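**Q** Count the sequence shown with the working numbering and you get residues 68 to 375, in order.
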Amino acid sequence: YHCKECGKAFSQSAHLTNHLRTHNGQRPYECKECGKAFSHASSLTAHMRTHSGERPYECKECGKVFSYSSALTMHKRTHSGERPYHCKECGKAFSRSYHLSEHIRTHSGERPFECNECGKAFSCSSALSTHTRTHSGERPYECQECGKSFSQASDLTRHARTHNGERPYECKECGKAFSRSSSLTTHIRTHSGERPYKCKKCRKAFTQASALTTHVRTHSGERPYECKECGKAFRCSSFLTTHMRTHSGEMPYECKECGKLFRQASNLTTHRRIHSGEKPYECQECGKAFRCSSHLSTHRRTHCREAL
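Spelled out as structure tokens, the structure:
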């Protein structure tokens, strides 16, 4: 069973039917609780657990619970390190098949999911779903701790870790732990030196695809994220989110050690090192260590000047 839209093949007609909804946008399964609609019945079932709080699938390794079995299966790979999905183009491996599918598009440049509102195209359907909320303003996922709401469930899960301090992703090289798997993946590249994302304009290389996307806008001048309060525009959504707090005065990140508040999670992370004494950024030239990467970058210039 082949999709006439993109050529993808399926072993069952039902799977093709489900897939076609990624192209036509059809979402026949609606939540009676909040009205949110889904393209798959299984997605609705999983979503309903966000209302009921039910998490029936438990990890025997760490006790973490999940609302659906596939999430548990993927989580187990954070313990085993298993990455069964390999890119034939560059050899990079992934723990989830859809991450591989999305990654392949970084090579092909394919962006099959287009926003009907503004025409912007995306390499994966989830990115389009999230993007459409920038037009609608919808933030259906609310933090029970502080009331902050999010457009994605995954953002809420990550945000919750700023309250509970959970850091489930640990680097096997140095033992450093992270609240996000993507942060661990990026961190591992500080050991390997890998920078797989290259700018075609200036050949500058990056450890993250998102960093490359943001960088490309320094060439194009594109600033797609505009503040509705003052009209100021930004290259990436996180800059806009942080900027909006200058209007609202919101400082959602609190240090549990001394009570100091911050607008950005990254500033809180750096601040915490004052208490812990952690200095993870070490100069390869002289061994001096720093609390944040920018201090290391500044320090490195002293060696460059000495060499002149």
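Yeah, the Cβ is synthetic: ideal placement off N, Cα and C, and Gly gets one too. All values derive from a computational prediction rather than experimental measurement.
Does the Cβ of Tyr377 have 16 or more other Cβ atoms within 10 Å, making it buried, or fewer, making it exposed?
**A** Since the first residue of the chain shown is 68 and the last is 375, residue 377 is not available in this structure.
**Q** Pairing CB atoms from the region 120 to 128 with CB atoms from the region 141 to 159, are three or more of them under 8 Å?
**A** yes
**Q** Measure the alpha-carbon distance for Arg339 versus Cys213 and round it to whole angstroms.
**A** Taking the straight line joining both Cα atoms gives about 20 Å.
**Q** Considering only residues of the same chain and omitting the five flanking positions on each side of Arg150, which have a CB-CB separation below 8 Å?
**A** Arg144, Ala160, Phe161, Ser162
**Q** Buried or exposed: where does Tyr320 fall if 16 or more other Cβ atoms within 10 Å of its Cβ makes it buried?
**A** buried
**Q** Taking contact to mean at least 3 C-beta pairs separated by less than 8 Å, is the region 277 to 287 in contact with the region 298 to 309?
**A** yes
**Q** Please classify Arg358 as buried or exposed, where buried requires at least 16 other C-beta atoms within 10 Å of its C-beta.
**A** buried
**Q** Buried or exposed for His198, please, with buried defined as at least 16 other CB atoms from any protein chain shown within 10 angstroms of its CB.
**A** buried
**Q** Could you spell out the range, first to last residue, of the alpha helix (DSSP H) harbouring Thr169?
**A** Position check: residue 169 holds Glu in this sequence, whereas Thr was assumed. First-last of the alpha helix (DSSP H) with Glu169: 164 to 175.
**Q** When the Cα atoms are used, what is the spatial distance from Arg372 to Lys215?
**A** 46 Å
**Q** Enumerate in chain order the residues of its own chain whose CB-to-CB distance from Glu97 is below 6 Å, with the five nearest sequence positions on each side excluded.
**A** Ala104
**Q** Could you spell out where the alpha helix (DSSP H) holding Ser221 opens and where it closes?
**A** 220 to 231
**Q** Go to Phe306, then tell me how far its alpha helix (DSSP H) extends in each direction, as first and last residue.
**A** In the DSSP assignment, Phe306 falls within the alpha helix (DSSP H) that extends over 304 to 315.
**Q** Buried or exposed: where does His258 fall if 16 or more other Cβ atoms within 10 Å of its Cβ makes it buried?
**A** exposed
**Q** Across which residues does DSSP place Lys265 in a beta bridge pair?
**A** Answer is Ala272, bridged to Lys265.
**Q** Ends of the alpha helix (DSSP H) at Asn334?
**A** 332 to 343
**Q** Could you pull the start and end residues of the alpha helix (DSSP H) that Asn183 belongs to?
**A** Per DSSP, Asn183 belongs to no alpha helix (DSSP H) and is neither H nor E.
**Q** Evaluate Ser119 with the Cβ neighbour count: other Cβ atoms within 10 Å of its Cβ, from every protein chain shown; 16 or more gives buried, anything less gives exposed.
**A** Ser119 is exposed by the Cβ-count criterion.
**Q** Assuming His314 and Glu293 are in contact, meaning their beta carbons sit under 8 Å apart, how far apart are those beta carbons, in whole angstroms?
**A** Not a contact, Cβ separation roughly 13 Å.
**Q** Going along the chain, which residues of its own chain have a beta-carbon closer than 7 Å to the beta-carbon of Ser169, five neighbours each way excluded?
**A** This sequence places Glu at residue 169; Ser is not what is there. Within the same chain, Glu169 has close Cβ partners Ser190, Cys191.
**Q** Does Ser216 come out as helix, strand or coil in the three-state DSSP assignment?
**A** In the structure shown, Ser216 sits in a strand (DSSP, three-state: E or B).
**Q** Can you give the Cα-Cα distance for Arg330 and His90, rounded to whole angstroms?
**A** 38 Å
**Q** On the CB-based measure, 16 or more other CB atoms within 10 Å of its CB, does Ala108 come out buried or exposed?
**A** Around the C-beta of Ala108, fewer than 16 other C-beta atoms lie within 10 Å, and the residue is accordingly described as exposed.
**Q** Check His107 in the structure and name its three-state DSSP category.
**A** Assigned with DSSP and collapsed to three states, His107 falls in coil, not helix or strand.
**Q** Quick one: what's got a C-beta closer than 8 Å to Ala332's C-beta in the same chain, skipping five residues either side?
**A** Thr229, Tyr320, listed in sequence order.
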